[in-house]
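Data first, discussion second: the structure below is written as structure tokens.
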């Protein structure tokens, strides 16, 4: 029997999101039904609403969520009803060529629920990143529901389902930040500050935050930035070089995803340094770099998908860091809002007024 729930829907491109009644089916084979307790408001949800991700409207928005497993479908032995979970938008299949080569973070057949959630008139919905968690309940594949310590507050725990994991993993997994490194992070939103926190936890000697907003730079120091550069009126490349004896950073993380920030990061590296792009670029972004510089500077240019994470391994680790006081997930939560305040949260996010708004149900 389908469950009638309230949920936030983007009906058409650029139209305001609206709360509607949604029908969520009972879980089938390999699926779990999750009662959502909290869900972060991420830029990706706004990209869906704007039609920048695709045109498969209507979209069921929300994907950065924590909640309780209410029911499981046939064949599901983990998680179980009553388990406290964080939802992941990638669930490695274990069978594709990437998984078989021991690189499940590149899985080419990530799992989602097979049954559609629908509007009251049976119109099928496209769930954001295969989750759709701006809803009282949602249906996902069992592998997307990662069991974590229930002591973690849901409004904080849910954030590791996307932005925190992306930034943390960009530094630790993709960038390989280690003790004694110098790290520069371009863009001090949720993803960038997660990368700053991760670099600090990994033992980086210097962590340089780069942004155009002094308030965001002040916040970055709370997460472990040792130096700040406002690139609005300063040459960020020269500033980072000045802080590193003229050499540049060992690892640079572009958490913005624009051609100009990528170019900054490219030249901000030390020779043979690593540049990690974790900010998602727009479809129109283009890059123009002298190929001789790409060759001559050496090092590595990497893209980080979801922080190159394995959710079943990494989510519990980040929750443990949070509960031990080493990773302040709560500091990422600027405000909590209701389902019908998502549009207001989008506006605050665009204006740079929040680090994260979180819908609490």
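Residue numbers (this note's numbering): 11 to 371.
Idealized CB from N, CA, C, for every residue including glycine.
Computed from a predicted model, the values in this text were never measured in an experiment.
When the distance is taken between beta carbons, is residue 317 closer than 8 Å to residue 94?
-> no
inquiry  = Going by DSSP in three states, residue 248 sits in which element: helix, strand or coil?
reply    = helix
Worksheet item: Could you give the uninterrupted runs of the beta strand (DSSP E) lying entirely in the segment 233–294, keeping only those of 3 residues or more?
Response: Listed in chain order, the beta strand (DSSP E) runs fully inside the segment 233–294 are 237–240, 259–264, 279–287, counting runs of at least 3 residues.
Please tell me whether residue 259 and residue 245 are closer than 8 Å, where the distance is taken between their beta carbons.
no
Quick one, which of 276, 286, 313 has its alpha-carbon nearest residue 305's?
276
Practice task
State the beta-bridge partners of residue 221 as determined by DSSP.
Solution key: 240
* Asked: Touching or not, the segment 64–75 and the segment 287–294, by the rule of three or more beta carbon pairs under 8 Å?
  -> no
Discussion item. Which runs of the beta strand (DSSP E) at least 3 residues long sit entirely within the segment 282–363? Give them in chain order.
Written reply: Entirely contained in the segment 282–363, the beta strand (DSSP E) runs reaching 3 residues are, in chain order, 310–313, 345–347.
Between residue 108 and residue 114, which are expected to be in contact by the criterion C-beta below 8 Å, what is the C-beta distance as a whole number of angstroms? The Cβ separation is near 7 Å, so the contact holds.
Of the listed residues 32, 59, 38, 53, nearest to residue 21 (C-alpha basis): 59
Residue range of the alpha helix (DSSP H) that includes residue 109: 107–110
Per DSSP, residue 149 forms a beta bridge with which residues? 43
- Task: Compare the beta carbon distance of residue 254 and residue 192 with 8 Å and say whether it is the shorter of the two.
- Result: yes
- Query: Are the beta-carbon atoms belonging to residue 76 and residue 164 less than 8 Å from one another?
  - Reply: yes
- Item | Beta-carbon gap between residue 170 and residue 333 smaller than 8 Å | no
| task | Look up residue 133 in the DSSP assignment and say whether it is helix, strand or coil. | result | Residue state for residue 133 is assigned as coil, using DSSP reduced to three classes.
Considering only residues of the same chain and omitting the five flanking positions on each side of residue 215, which have a CB-CB separation below 7 Å? 190, 191, 192
- [ ] Leaving out five residues on either side along the sequence, give the residues of the same chain with a beta carbon under 7 Å from the beta carbon of residue 46.
- [x] 75, 77, 143, 145, 146, 147, 148, 371
- Task: Note down, in chain order, each residue of its chain lying with its Cβ closer than 6 Å to the Cβ of residue 136, except the 5 sequence neighbours on either side.
- Result: 66, 69
- Item | Run of the beta strand (DSSP E) containing residue 29, from where it starts to where it stops | 28–34
Check: Out of curiosity, what's the CA-to-CA distance linking residue 151 and residue 273?
Finding: 39 Å
8 Å contact criterion, which residue 44 and residue 79 should meet: CB distance rounded: 6 Å
request  = Rounded to whole angstroms, what's the CA-CA distance from residue 251 to residue 153? Just pull it up for me.
outcome  = 44 Å
**Prompt:** Buried or exposed: where does residue 366 fall if 16 or more other Cβ atoms within 10 Å of its Cβ makes it buried?
**Reply:** buried
If you follow the beta strand (DSSP E) that residue 76 is part of, which residue opens it and which one closes it?
74–82
Inset, instruction - Just tell me which of 117, 201, 278 has its CA closest to the CA of residue 53. - result: Among 117, 201, 278, the Cα nearest to that of residue 53 is on 201.
> Between residue 185 and residue 204, is the Cβ-Cβ spacing less than 8 Å?
Replying inline: no
- What does DSSP give as the partner residues of residue 23 in its beta bridges? None, per the DSSP bridge assignment.
Is DSSP giving residue 166 helix, strand or coil here?
-> Helix at residue 166.
**Spatial distance of residue 29 from residue 249 (CA atoms)** = Straight-line spacing of the CA atoms in residue 29 and residue 249 works out to 47 Å.
task: Please classify residue 363: is it buried, with 16 or more other beta-carbons within 10 angstroms of its beta-carbon, or exposed?
output: exposed
Roughly how many whole angstroms lie between the Cα atoms of residue 157 and residue 99?
14 Å
_Tell me the DSSP secondary structure of residue 376 in three-state form._
Limits of the chain in this structure are 11 at one end and 371 at the other, which puts residue 376 out of reach.
Requested in this report: Using alpha carbons as the reference points, say which of 344, 229, 213, 104 lies closest to residue 197.
Outcome: 229
**Study point:** Within 8 Å, strictly: CB atoms of residue 207 and residue 188
**Key:** no
Could you tell me if residue 301 is buried or exposed, where buried requires 16 or more neighbouring beta carbons within 10 angstroms of its beta carbon?
exposed
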